[in-house]
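Below is one structure, written out as structure tokens, with a few remarks after it.
In the UniProt record's numbering, the protein residues as written are 1 to 377.
And the structure:
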């Protein structure tokens, strides 16, 4: 008990287990699906998957990452349990006259509160510094990643296909300033960083998850379906409103709570399904129209179905001048080891081969015309 006002500054343990209201089932289902599938199409995840040498390693990496997410959630649970059972009467928190119980708007600050008021000064200093370093590391990597994706995937592929590496580098530098400025404005105007992160996962789930499914499993999907799906998914998602960015809903889904202004229907999942169906439908329709000659070839403005550039066809189906495109045991990190390749000049100069070439081996068969004795030209 506090000596001045008799207030107990301990949370108590009678409300450890919360309640699930029947009217909120739709919200919980929507959030569960969002957290499950919305975390898949993140670039930071696919960077690791695509860098794996084999599909098996990528699968193992994914399973280990899933277990790691559970393990990394334990410290947050323990910190919350410590804060709930701490005797805040004997801390500087109570002496500073802060409101208690901790207001709902300040509950997101439980981690810094625990470090500041329940730990020694040395631990507080190191802990808060580590948190700041982690935040800055994530921030600069996100800015660099967004800028690089804009320079490569938007500027070069859409506007300047023949742009040089130097030009792309300067575009990336300008994009870093642009992305940093937008991030600064968002950080000043938006009150919850966690909410902003959840909102990013929200849009990834609604818009990018259907795109990922079709890119991996639906080979006949195309750019027209992708663009239409992007528009449809974004429209129905924004139609449900978003309090974090002060966007009022203009689509009132079933079970709309006008009093609390809450969408109780799982509209995010509905938007994702509509996005997926649009991608499949528009892709099938556009393929039918172009491949059957119903629409002229020049209407294929994205050059993805019938109006495909010659260089794209060459890269897809043409001969790559004998370059190896499949990794074998003699390749190191995707690059052919020059010491394992024999050219015609090497044989003409009389260099000996340690092991005779066998038919159907990885290296090319040496013709008899190329076998010359030392000194012969």
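A virtual CB, placed ideally from N, CA and C, is assigned to each residue, including glycine.
Residue i and residue j closer than 8 Å at C-beta
i           : j           : result
residue 286 : residue 305 : yes
residue 274 : residue 236 : yes
residue 34  : residue 271 : no
residue 82  : residue 114 : yes
residue 240 : residue 211 : no
residue 266 : residue 30  : yes
residue 102 : residue 79  : no
residue 26  : residue 255 : yes
residue 192 : residue 108 : yes
residue 213 : residue 276 : yes
residue 182 : residue 196 : no
residue 278 : residue 218 : no
residue 41  : residue 208 : yes
Bounding residues of the alpha helix (DSSP H) (the contiguous stretch that carries residue i)
i           : result
residue 170 : 165 to 189
residue 281 : 267 to 291
residue 240 : No alpha helix (DSSP H) contains residue 240, which DSSP labels as neither H nor E.
residue 308 : Residue 308 -> no alpha helix (DSSP H), and no H or E assigned at all.
residue 251 : Note, residue 251: premise wrong, no alpha helix (DSSP H); not H, not E.
residue 80  : 55 to 85
residue 23  : Looking at the DSSP string, residue 23 is not in any alpha helix (DSSP H), and its letter there is neither H nor E.
residue 197 : 193 to 203
residue 215 : 209 to 217
residue 152 : Taken as a continuous stretch (DSSP letters only), residue 152 belongs to no alpha helix (DSSP H), as it is neither H nor E.
residue 49  : 43 to 50
Own chain residues within Cβ distance below 7 Å of residue i, not counting five before or after
i           : result
residue 283 : 220, 221, 222, 224, 225
residue 48  : 61
residue 151 : 168, 171, 172, 175
residue 116 : 124
residue 268 : 30, 34, 202, 205, 206, 237
residue 290 : 300, 305, 306
residue 247 : 238, 241
residue 92  : 117
residue 345 : The predicted model places residue 345 with a pLDDT of 48, which falls under 50 and marks its position as unreliable, so this point remains unresolved.
residue 72  : none
Integer Cβ distance of residue i from residue j, believed to fall under 8 Å
i           : j           : result
residue 37  : residue 205 : 6 Å
residue 238 : residue 199 : At roughly 11 Å, the Cβ-Cβ gap does not stay under 8 Å, so residue 238 and residue 199 are not in contact.
residue 129 : residue 119 : Not confirmed; about 13 Å, so no contact.
residue 145 : residue 303 : Wrong, their Cβ atoms sit about 27 Å apart, outside the cutoff.
Other residues of its chain near residue i: CB distance less than 6 Å, five sequence neighbours each side excluded
i           : result
residue 147 : 172, 175, 176, 179
residue 249 : 240, 241
residue 19  : none
residue 155 : 171
residue 342 : Its pLDDT being 44, under 50, residue 342 is placed unreliably by the model, and the measurement read from it follows with that caveat. So no residue of the chain qualifies.
residue 228 : 278, 282
residue 353 : With a pLDDT of 48 at residue 353, under the threshold of 50, the predicted position of this residue should be treated as unreliable, though the coordinate-derived value follows. Around residue 353: no qualifying Cβ.
residue 253 : 263, 265, 267
Close-in-space but distant-in-sequence residues of the same chain around residue i (CB under 8 Å, 5 per side omitted)
i           : result
residue 320 : Low confidence applies here, because residue 320 scores a pLDDT of 46, under 50, leaving its location unreliable; read the following figure in that light. Cβ neighbours of residue 320 beyond the five flanking positions: none.
residue 122 : none
residue 149 : 43
residue 139 : 183
residue 75  : none
residue 96  : none
For this session: Tell me the start and end of each unbroken alpha helix (DSSP H) in the segment 98 to 143 that is at least 4 residues and wholly inside, in chain order.
Result: You should have 110 to 117.
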